[in-house]
Each structure stands twice: as structure tokens, then as C-alpha cells.
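Take a look at the structure set out below.
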Amino acid sequence: MESTIKIKGLISAAARNGMKAVALTDKYIMSGAVEFYKEATSKNIKPIIGCEI
């Protein structure tokens, strides 16, 4: 990922703010997709995954 934010921090912030869905997008590779999916679903947040190719 090109972002400096950590997935656990992103999902924690989303949960604190009552967000129902969060998106994670990346370029060319989706190395964080599985972790993102697991973290989001564990907090009852809908994960939206995208990739620019």
C-alpha cells in the first residue's frame, strides 16, 4: 500500500465513527486485501476492495 495508515487503525477509526462500510484501494497489487477484509468484517463493517491495474 502507498498509504502510511495501518489497516487496524483505519478499521478502528471507522468503527469509532459508526461507519458501515470502508474502501481500500491500491495500485497493481492487493497485498493488504485479506487483512483488510478480516479486520473489517470482525467489526461488522462492509469491506470494499478495489485495485487499479
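Mapping the sequence shown onto UniProt numbering, position 8 (from 1) lands on 8, and the numbers just tick up by one.
From the three backbone atoms N, C-alpha and C, an ideal C-beta is built for every residue, glycine too.
A quick note: this is a predicted structure, and the numbers were derived from the prediction, not measured.
Remark: C-beta atoms of F36 and I7 approach each other more closely than 8 Å. For I7, the enclosing alpha helix (DSSP H) has its first and last residue at I7 to R16.
Each residue's CA atom was taken as its position, placing S42 and C51 some 22 Å apart.
Cβ contact annotation for I49 (same chain, cutoff 8 Å, sequence separation greater than five): A23, L24, T25, M30, A33, F36 and Y37, in chain order. Distances from the alpha-carbon of P47 to those of R16, S3, A15 and A21 put A21 closest.
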